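Structure first, commentary second.
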């Protein structure tokens, strides 16, 4: 979905490491907030604790969903490809340092990550 968002917001053609990297950053953030956050779509915290072992939109995630989330996060974090893996690590570092909004603004203006 991030690819579509980039196009709809008028981002120019980006190099694969920038585009795939920032898309992987958003995927990783989504997994962290929605799957690992413990309370689904209404999550207000990224705490890994949950009062429920069943899955629902308002309740906690099942153990299976949490393990699946861990697996996908690990896949993103440990990818060895230049576009997806290195792109994620560089994009994630930029977001951690400058925030998502500033990072996206910089990408839109320059086609590169802020450093």
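Residue numbers (the working numbering): 58 to 172. For glycine and all other residues, C-beta sits at the position ideal for the given N, C-alpha and C. Predicted, not measured: the structure shown is a model, and the values here were computed from it.
Alpha carbon to alpha carbon, how far is residue 69 from residue 63?
What you label residue 69 is simply residue 12 of the chain shown in a count that begins at 1. What you label residue 63 is simply residue 6 of the chain shown in a count that begins at 1. About 8 Å.
Please confirm whether residue 71 and residue 168 have their CB atoms less than 7 Å apart.
Within the chain shown, residue 71 is the residue found at index 14, counting from 1. Within the chain shown, residue 168 is the residue found at index 111, counting from 1. Yes. Within cutoff.
Range of the contiguous alpha helix (DSSP H) that encloses residue 59
Counted from its first residue, the chain shown places residue 59 at position 2. Looking at the DSSP string, the run of the alpha helix (DSSP H) that includes residue 59 is 59-65.
Could you tell me the alpha carbon to alpha carbon distance between residue 125 and residue 159, rounded to whole angstroms?
Numbered from its first residue, the chain shown carries residue 125 at position 68. Numbered from its first residue, the chain shown carries residue 159 at position 102. Distance between the alpha carbons of residue 125 and residue 159 is about 31 Å.
Using 6 Å as the cut-off, classify the Cβ of residue 119 as near or not near the heavy atoms of the ligand GDP, replying yes or no.
No copy of the ligand GDP appears in this structure; indeed no ligand is present at all.
How about residue 152 and residue 82: do their beta carbons lie closer than 7 Å?
For the purposes of this step, residue 152 is taken as residue 95 along the chain shown, with counting starting at 1. For the purposes of this step, residue 82 is taken as residue 25 along the chain shown, with counting starting at 1. Yes, the Cβ-Cβ distance between residue 152 and residue 82 is below 7 Å.
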